[in-house]
Amino acid sequence: MSVESSVRAVTTLRLKEMKDRGEKISMLTSYDYSMAKIVDTAGIDVILVGDSAANVMAGHETTLPITLDQMIYHASSVVRAVNRALVVVDMPFGTYQGDSQAALDSAVRIMKETGADAVKMEGGEEILDSVKRILTAGIPVMGHLGLTPQSIHKFGTYNVRAKEEAEAAKLIHDAKLLEETGCFAIVLEKIPASLATKVSAEVSVPTIGIGAGVGTDGQVLVVHDMLGINKGFSPRFLRRYANLYEVMTDAVSHYIEDVKSCDFPNEKEQY
Ligand code: KIV
Numbered sequence: 000m001s002v003e004s005s006v007r008a009v010t011t012l013r014l015k016e017m018k019d020r021g022e023k024i025s026m027l028t029s030y031d032y033s034m035a036k037i038v039d040t041a042g043i044d045v046i047l048v049g050d051s052a053a054n055v056m057a058g059h060e061t062t063l064p065i066t067l068d069q070m071i072y073h074a075s076s077v078v079r080a081v082n083r084a085l086v087v088v089d090m091p092f093g094t095y096q097g098d099s100q101a102a103l104d105s106a107v108r109i110m111k112e113t114g115a116d117a118v119k120m121e122g123g124e125e126i127l128d129s130v131k132r133i134l135t136a137g138i139p140v141m142g143h144l145g146l147t148p149q150s151i152h153k154f155g156t157y158n159v160r161a162k163e164e165a166e167a168a169k170l171i172h173d174a175k176l177l178e179e180t181g182c183f184a185i186v187l188e189k190i191p192a193s194l195a196t197k198v199s200a201e202v203s204v205p206t207i208g209i210g211a212g213v214g215t216d217g218q219v220l221v222v223h224d225m226l227g228i229n230k231g232f233s234p235r236f237l238r239r240y241a242n243l244y245e246v247m248t249d250a251v252s253h254y255i256e257d258v259k260s261c262d263f264p265n266e267k268e269q270y
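Using numbering that gives the first Met the number 0, the letters of the sequence shown correspond one by one to residues 0 to 270.
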């Protein structure tokens, strides 16, 4: 069966079924219509409209500056392209860490104005009131533990998290809380593989790893990183499946040469 003819869109329930039968879940980011069309047509299970858009689309150092309006713009562009994948949208920094009513208002805007399927939020116990309130409104929530880039100023580095016992114990506690509260999946970012495997075995909801080893129920990467569009980011966990930076630079250089030499456009390329 081709991906195009697949009648059933990926749902949160389907992800749980995949975990239960041991089928790994594939997830990639996308931030615009054209990329999301490619990623969805290739058959990805989940598309994350990540706040990493702040880095790869806007050139910011951290994910903190991106706004709710900007996330809504990216997410609605992605949703227009997608036929099959589940679309999850990151709630940006500052829209859910305080008042749970404000968190609900932000999540409702994302769902109403983008047509996405779910939201993702970084953190455990400290954001539980907001998670609960959003879930009560019927909005599916994906959790995110381990390295949570919105807390970079607290951590001080992008190094591996939860290597020490106390932080690992808190992470397990938080994962169980998110599961009990009703999150449909949890991203585990940059933690030891043994811890990610343990968490994945101890919670019934799917875990999606990034830099967390092969023991999670699925994997996620930033699409610009795995396609090799970014040259400057090479963490150990990143596998590059293409070198589009070079492919695209060559194509642009070739175009410039053709314009300068009057090779483009030729007779067949004019009216
Ligand atoms: O924003 C993002 O791209 C993410 C992934 C790295 C999980 O949160």
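A virtual CB, placed ideally from N, CA and C, is assigned to each residue, including glycine.
Considering just the uninterrupted stretch of the alpha helix (DSSP H) at residue i, what are its terminal residues?
{"i": "H73", "result": "67 to 80"}
{"i": "K197", "result": "192 to 201"}
{"i": "V186", "result": "Taken as a continuous stretch (DSSP letters only), V186 belongs to no alpha helix (DSSP H), being part of the beta strand (DSSP E) at 184 to 188."}
{"i": "V55", "result": "52 to 55"}
{"i": "T135", "result": "127 to 135"}
Could you have a look at residue i and say whether DSSP puts it in helix, strand or coil?
{"i": "T156", "result": "coil"}
{"i": "Y244", "result": "helix"}
{"i": "M220", "result": "For the record, residue 220 in the displayed sequence is Leu; it is not Met. If DSSP states are grouped into helix, strand and coil, L220 belongs with the strands."}
{"i": "E22", "result": "coil"}
{"i": "K230", "result": "coil"}
{"i": "H59", "result": "coil"}
{"i": "L12", "result": "helix"}
{"i": "S260", "result": "coil"}
{"i": "Y254", "result": "helix"}
{"i": "P64", "result": "coil"}
{"i": "L237", "result": "coil"}
{"i": "Q149", "result": "helix"}
{"i": "K267", "result": "helix"}
Could one say the Cβ of residue i lies closer than 9 Å to chain C's Cβ atoms, at least one of them?
{"i": "S33", "result": "In the structure shown, chain C cannot be found, because there is only a single protein chain."}
Evaluate residue i with the Cβ neighbour count: other Cβ atoms within 10 Å of its Cβ, from every protein chain shown; 16 or more gives buried, anything less gives exposed.
{"i": "R160", "result": "buried"}
{"i": "Y95", "result": "buried"}
{"i": "H223", "result": "buried"}
{"i": "M247", "result": "exposed"}
{"i": "I255", "result": "exposed"}
{"i": "A168", "result": "exposed"}
{"i": "P148", "result": "buried"}
{"i": "F232", "result": "exposed"}
{"i": "D19", "result": "exposed"}
{"i": "F183", "result": "buried"}
{"i": "E125", "result": "exposed"}
{"i": "F263", "result": "exposed"}
In terms of residue numbering, what span does the beta strand (DSSP E) encompassing residue i cover?
{"i": "L144", "result": "140 to 145"}
{"i": "I207", "result": "206 to 209"}
{"i": "M110", "result": "Taken as a continuous stretch (DSSP letters only), M110 belongs to no beta strand (DSSP E), being part of the alpha helix (DSSP H) at 99 to 113."}
{"i": "E163", "result": "E163 -> no beta strand (DSSP E), and no H or E assigned at all."}
Can you tell me which residues form a DSSP beta bridge with residue i?
{"i": "L47", "result": "T28, V87"}
{"i": "A117", "result": "V87"}
{"i": "G181", "result": "In the DSSP output, where bridge partners are listed per residue, G181 has none listed."}
{"i": "G42", "result": "In the DSSP output, where bridge partners are listed per residue, G42 has none listed."}
{"i": "G123", "result": "According to DSSP, G123 bridges with nothing at all."}
Between the options, which has its C-alpha nearest residue i's C-alpha?
{"i": "R13", "options": "P205, I171, R238", "result": "P205"}
{"i": "V9", "options": "L85, G49, V48, E164", "result": "L85"}
{"i": "I317", "options": "C182, N82, E164", "result": "Nothing about residue 317 can be read from this structure; the chain reaches only from 0 to 270."}
{"i": "K111", "options": "S199, R239, D68", "result": "D68"}
{"i": "A174", "options": "A115, E163, L63, A200", "result": "A200"}
{"i": "I109", "options": "V140, G123, D128", "result": "V140"}
{"i": "E228", "options": "N54, D19, G181", "result": "In the sequence under discussion, the amino acid at residue 228 is Ile, which differs from the Glu named in the question. For I228, the nearest C-alpha among the options comes from N54."}
{"i": "S193", "options": "N158, L226, V213, V251", "result": "V213"}
{"i": "D44", "options": "S105, D128, V87", "result": "V87"}
{"i": "R79", "options": "D31, L187, S99", "result": "D31"}
{"i": "L144", "options": "S29, V198, L63", "result": "V198"}
{"i": "L127", "options": "Q218, D104, E178", "result": "E178"}
{"i": "K23", "options": "Q100, A101, V219, A117", "result": "V219"}
{"i": "H152", "options": "A101, V258, R132, T62", "result": "T62"}
{"i": "G181", "options": "N265, M120, G49", "result": "M120"}
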